[in-house]
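In this note's numbering, the protein residues as written are 12 to 138.
Spelled out as structure tokens, the structure:
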């Protein structure tokens, strides 16, 4: 009788190799342009009423969920721009806007992973 252990081990290794990557959207995959999938990223701020802009388009006030079209491996997709930016404009005077910058890759340039959360910290929010 042959030992079944090597066969069981190989099957387990193959099954684990098919597991979904970190940040996967497999439960609710929403297909996007150019073979991308939707990633919903929470955007929050320490300052109430902060306006959020993504790639020069005002999308609302924090807290919100930002839909980012990304590659299936969890990285930003290059739609013709090497950068993806998210800016936060606080409502209180005297606070400077902040920006988060992500690389989209292309032409031998690396791309960044899509974050699980984006948070803008404006320091002491007391008057």
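Don't be surprised by glycine CBs; every beta carbon is placed ideally from N, CA and C.
Next item on the list: Excluding the 5 residues preceding and the 5 following residue 132 in the sequence, name in chain order all residues of the same chain whose CB lies nearer than 6 Å to its CB.
Entry: In the chain shown, the residue the question calls residue 132 occupies position 121. Answer for residue 132: 57, listed in chain order.
Checklist line | Where residue 45 falls: helix, strand or coil (DSSP) | finding: Here residue 45 refers to the residue found at position 34 when the chain shown is read from its first residue. DSSP places residue 45 within a helical segment (H, G or I) once states are collapsed to three.
Check: With a CB to CB cut of under 7 Å and the five nearest residues on each side skipped, what residues in its chain are close to residue 106?
Finding: As a working mapping, residue 106 is identified with position 95 in the chain shown. Same-chain partners within the cutoff: 58 and 133.
Check: Mapping DSSP to helix, strand and coil, what is residue 60?
Finding: Taking the chain shown and counting its residues from 1, one reaches residue 60 at position 49. Looking at residue 60 - three-state DSSP - the assignment turns out to be coil, as it is neither helix nor strand.
Check: What are the partner residues of residue 98, as DSSP defines its beta bridges?
Finding: Residue numbering aside, residue 98 sits at position 87 when the chain shown is read from its first letter. According to DSSP, residue 98 bridges with 64 and 110.
Item checked: Euclidean distance between Cα positions of residue 109 and residue 44 -> Within the chain shown, residue 109 is the residue found at index 98, counting from 1. Within the chain shown, residue 44 is the residue found at index 33, counting from 1. Approximately 29 Å between the Cα atoms of the pair.
Next item on the list: Would you identify the three-state DSSP class for residue 133, choosing helix, strand or coil?
Entry: One-based indexing of the chain shown puts residue 133 at position 122. Looking at residue 133 - three-state DSSP - the assignment turns out to be coil, as it is neither helix nor strand.
Next item on the list: Report all residues from its chain with a CB closer than 6 Å to the CB of residue 67; omit the five preceding and five following residues, and keep chain order.
Entry: Translated into the one-based positions of the chain shown, residue 67 becomes position 56. Exclusion of the five residues before and after residue 67 leaves no residue of its chain whose Cβ lies closer than 6 Å to its Cβ.
Item checked: DSSP three-state assignment for residue 91, whether helix, strand or coil -> If you number the chain shown from 1, residue 91 lands on position 80. Correct three-state label for residue 91: coil.
Notebook entry, point to check: Count the other CB atoms within 10 Å of the CB of residue 85; is the residue buried (16 or more) or exposed (fewer)?
Noted result: Counting from 1 along the chain shown, the entry for residue 85 is found at position 74. By the beta-carbon neighbour count (other beta carbons within 10 angstroms, threshold 16), residue 85 is buried.
Check: What residues are listed by DSSP as bridge partners for residue 53?
Finding: Position 42 of the chain shown, counted from the first residue, corresponds to residue 53. Within the DSSP secondary-structure output, residue 53 pairs in a beta bridge with 76.
Note to self: Less than 8 Å between C-beta atoms, sequence neighbours within five positions excluded: which residues of the same chain meet that for residue 89?
What the structure shows: Residue 89 sits at position 78 when you count from the first residue of the chain shown. 115, 116, 117 and 122, listed in sequence order.
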